[in-house]
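Visitor: Numbering (the numbering used here), first residue to last: 1 to 331.
The beta-carbon is built from N, C-alpha and C at its ideal position, and this holds for glycine as well.
All of these numbers come straight from a predicted model, not from anything done at the bench.
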Amino acid sequence: MNRFSKLVSLFALAGIAAGAASVAQAQIVKVDGSSTVYPITEAVAEEFQKSKKNAIKVTVGISGTGGGFKKFCRGEIDVSDASRPITKKELEACKEAGIQFYEMPVAFDALTVVINPANDFVKTLTPAQLKTMWEPVATGKVMTWKQVDPSFPDVALKLFAPGADSGTFDYFTEAINGKSKASRTDFTASEDDNVLVQGVSRDKGGLAYFGFAYYIENQKKLKAVPIFNGKEAVLPSPQSVENGTYAPLSRPIFIYVNAKSIDKPEVKEFVEFYMKHAPKLVKEVKYVPLPAKAYTMNMEHIAKKKLGTVFGGVEAIGIKIDELMAREAKY
């Protein structure tokens with residue numbers, strides 16, 4: 001074989017290799033974002049990959065809702081897990097980058113406030129007490145439980161919470177402090193909810209908040225606090241979320257799908273699988289599934305190319321399941 005023939009052969013082989021790499025790359029569905037939504041998406045991804053005999057790979061990252069949207073609006077991922085609706089700032093970032101999307105509610109979550117099991121003095125908490133311990137002016141000042149309520153003992157208050165890129169942080173601060181991201185700064189922050197679990201489980205004066213699934217997974221190490229809703233103190237549970245009594249800390253959670261990505265067969269198949277199996281898998285990972293109609297509406301929105309958000313860049317504090325369904329139906 002002469003030099004030219006060898007070069008042609010090498011280019012041909014390189015082309016085949018590049019083509020194979022392209023095919024391999026095309027068979028990856030990239031997901032990132034919320035640690036709260038992660039258990040659902042990871043469960044769906046595992047079942048989906050099994051059904052495809054691993055011919056399609058789904059990667060699921062945890063960079064927080066805000067971190068996920070940053071990647072999503074740069075076009076780096078196909079699907080963004082989100083524990084709150086997309087914000088106006090994120091909408092602008094996506095618009096500037098030419099990213100259009102489908103917003104799909106997938107479940108309801110009971111944002112759970114937890115304490116150490118050895119804490120025998122906290123029976124319930126009110127939103128006002130939570131505000132006292134978490135509002136920005138509490139930084140460096142509210143350092144004991146007694147300062148939260150005179151009936152509590154003079155025990156050091158140790159706080160743990162998701163980081164600033166977390167949708168859970170955004171939701172909690174808006175629901176409790178009246179403004180998203182308005183929070184005291186002297187607490188242990190982590191995007192990994194397991195770090196928060198460990199912190200509270202090791203400290204009698206500890207308190208944290210995160211998604212219900214992480215509480216259920218670690219309920220032997222933690223104690224959930226009933227939250228006063230204006231009428232009664234209510235523990236987080238699927239029932240209290242469904243009937244709307246766990247307020248104001250129950251909320252819808254979402255996936256956002258890049259409109260261009262849905263044109264890729266592997267992404268479309270993954271999203272279809274997600275909507276078909278979400279009711280079962282949402283329940284398995286201890287969140288509250290939406291009515292079956294919600295998942296069919298999500299797919300109808302894709303079929304009718306109903307892009308964008310029904311929230312207008314505003315948080316959905318206190319929205320109930322039936323209100324979410326009504327809003328989606330009008331969209």
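Alpha carbon to alpha carbon, how far is P265 from A26? Give it in angstroms, no decimals.
Guide: Within the sequence shown, the letter at position 26 stands for residue 26. Within the sequence shown, the letter at position 265 stands for residue 265. Any answer about A26 is weak, because its pLDDT of 47 lies below 50 and its placement is not dependable; what the coordinates show is given next. Roughly 9 Å separates the two Cα atoms.
Visitor: Taking the alpha carbon of N229 as the reference point, which residue from T126, A45, S63, V142 has its own alpha carbon closest?
Guide: Position 229 of the sequence shown holds residue 229. Of the listed residues, the one whose Cα sits closest to N229 is T126.
Visitor: Are there three or more Cβ pairs, one per stretch, closer than 8 Å when the region 133-145 is compared with the region 175-185?
Guide: Touching, yes, given that three or more Cβ pairs across the two stretches are closer than 8 Å.
Visitor: How long is the line joining the alpha carbons of K158 and F187, rounded to whole angstroms?
Guide: Position 158 of the sequence shown, counted from the start, is the residue given in the question as residue 158. Position 187 of the sequence shown, counted from the start, is the residue given in the question as residue 187. About 7 Å.
Visitor: Please determine, among V60, E242, V29, the residue with the shortest C-alpha to C-alpha distance to V37.
Guide: Position 37 of the sequence shown, counted from the first residue, corresponds to residue 37. V37 has its Cα closest to that of V60, out of V60, E242, V29.
Visitor: Report yes if the C-beta distance between L235 and P248 is below 8 Å; otherwise report no.
Guide: The residue labelled residue 235 in the question sits at position 235 within the sequence shown. The residue labelled residue 248 in the question sits at position 248 within the sequence shown. No, they are not a contact pair.
Visitor: Considering only the alpha carbon of each residue, which of G75, I56, F48 lies closest to D32?
Guide: As a first step, residue 32 is located in the sequence shown; it is residue number 32 there, counting from the start. Nearest option by C-alpha distance: G75.
Visitor: At the level of alpha carbons, what is the spacing between F254 and Q49?
Guide: Translated into the one-based positions of the sequence shown, residue 254 becomes position 254. Translated into the one-based positions of the sequence shown, residue 49 becomes position 49. Straight-line Cα distance between these residues: approximately 21 Å.
Visitor: For my contact list, D165 and G244 are in at a C-beta cut-off of 8 Å; report their separation, rounded to the angstrom.
Guide: Reading the sequence shown from its first residue, position 165 is the one you call residue 165. Reading the sequence shown from its first residue, position 244 is the one you call residue 244. 29 Å between Cβ atoms; not a contact.
Visitor: First and last residue of the beta strand (DSSP E) that includes G33?
Guide: By one-based count along the sequence shown, residue 33 stands at place 33. 28-33 is the span of the beta strand (DSSP E), which, as asked, contains G33.
Visitor: May I have the straight-line CA-CA distance separating I62 from V148, to the nearest angstrom?
Guide: Residue 62 sits at position 62 when you count from the first residue of the sequence shown. Residue 148 sits at position 148 when you count from the first residue of the sequence shown. Spanning the two alpha carbons is a distance of roughly 33 Å.
Visitor: Where does Y256 fall in DSSP's three states?
Guide: Stepping through the sequence shown from its first residue, residue 256 is reached at position 256. Strand, per DSSP.
Visitor: At 4 residues or longer, what runs of the alpha helix (DSSP H) sit wholly inside the region 40-122?
Guide: Correct list: 64-73, 88-96.
Visitor: Can you grab the Cα-Cα spacing for the pair A110 / Y256, in whole Å?
Guide: The sequence position of residue 110 within the sequence shown is 110, counting from 1. The sequence position of residue 256 within the sequence shown is 256, counting from 1. Taking the straight line joining both Cα atoms gives about 20 Å.
Visitor: Starting from L159, follow the beta strand (DSSP E) in both directions and report where the run begins and ends.
Guide: What you label residue 159 is simply residue 159 of the sequence shown in a count that begins at 1. Taken as a continuous stretch (DSSP letters only), the beta strand (DSSP E) holding L159 covers 158-161.
Visitor: Run through DSSP, which three-state label would G206 get?
Guide: Taking the first residue of the sequence shown as position 1, residue 206 is located at position 206. In the structure shown, G206 sits in a strand (DSSP, three-state: E or B).
Visitor: Since D322 is in the alpha helix (DSSP H), which residue starts that stretch and which ends it?
Guide: On the sequence shown, position 322 is the one that residue 322 refers to. Run containing D322: 321-330, per the alpha helix (DSSP H) assignment.
Visitor: Using DSSP bridges, identify the partner residues of L333.
Guide: Lying before the first or after the last residue shown, residue 333 is absent from the chain, which here runs from 1 to 331.
Visitor: Classify Q129: buried if its beta carbon has 16 or more other beta carbons within 10 angstroms, exposed otherwise.
Guide: Numbered from its first residue, the sequence shown carries residue 129 at position 129. Per the 10 Å Cβ criterion, buried.
Visitor: Which class does G167 belong to by DSSP, given the choice of helix, strand or coil?
Guide: Working through the sequence shown from its first residue, we reach residue 167 at position 167. If DSSP states are grouped into helix, strand and coil, G167 belongs with the helices.
Visitor: Where K71 and E103 are concerned, what is the direct C-alpha to C-alpha distance, given to the nearest angstrom?
Guide: Indexing the sequence shown from 1 puts residue 71 at position 71. Indexing the sequence shown from 1 puts residue 103 at position 103. Spanning the two alpha carbons is a distance of roughly 16 Å.
Visitor: Report yes if the CB atom of A56 is closer than 8 Å to the CB atom of Y287, and no otherwise.
Guide: On the sequence shown, position 56 is the one that residue 56 refers to. On the sequence shown, position 287 is the one that residue 287 refers to. For the record, residue 56 in the displayed sequence is Ile; it is not Ala. Their beta carbons are not under 8 Å apart, which means I56 does not touch Y287 by this criterion.
Visitor: Taking the Cβ atom as the reference point for each residue, do S201 and N258 lie within a distance shorter than 8 Å?
Guide: By 1-based counting over the sequence shown, the position of residue 201 is 201. By 1-based counting over the sequence shown, the position of residue 258 is 258. It is not a contact, given that the beta carbons lie outside the stated cut-off.
Visitor: Alpha carbon to alpha carbon, what distance is there between A161 and G206?
Guide: Reading the sequence shown from its first residue, position 206 is the one you call residue 206. Reading the sequence shown from its first residue, position 161 is the one you call residue 161. Each residue's Cα considered, the two are about 11 Å apart.
Visitor: Quick one: what's R184 bridged to in DSSP?
Guide: Counting from one through the sequence shown, the residue named residue 184 turns up at place 184. Paired residues: none, contrary to the question.
Visitor: Is the beta carbon of T112 closer than 8 Å to that of F212?
Guide: Here residue 212 is taken as the residue at index 212 of the sequence shown, counted from 1. Here residue 112 is taken as the residue at index 112 of the sequence shown, counted from 1. Cβ atoms of F212 and T112: closer than 8 Å.
Visitor: Could you give the residue range of the alpha helix (DSSP H) that holds K276?
Guide: For the purposes of this step, residue 276 is taken as residue 276 along the sequence shown, with counting starting at 1. Counting along the chain, the alpha helix (DSSP H) containing K276 begins and ends at 265-284.
Visitor: Any chance the region 92-102 sits against the region 193-200, with 3 or more Cβ pairs inside 8 Å?
Guide: Contact between the region 92-102 and the region 193-200 is absent, because fewer than three Cβ pairs lie under 8 Å.
Visitor: Excluding the 5 residues flanking Q219 on each side, which residues of the same chain have their C-beta closer than 7 Å to its C-beta?
Guide: For the purposes of this step, residue 219 is taken as the residue at position 219 of the sequence shown. Excluding positions up to five away in sequence, the list is empty.
Visitor: Using only CA atoms, which one of Q100, A329, D170, A45 lies nearest to R251?
Guide: The residue you call residue 251 lines up with position 251 of the sequence shown. Closest option to R251, Cα to Cα, is D170.
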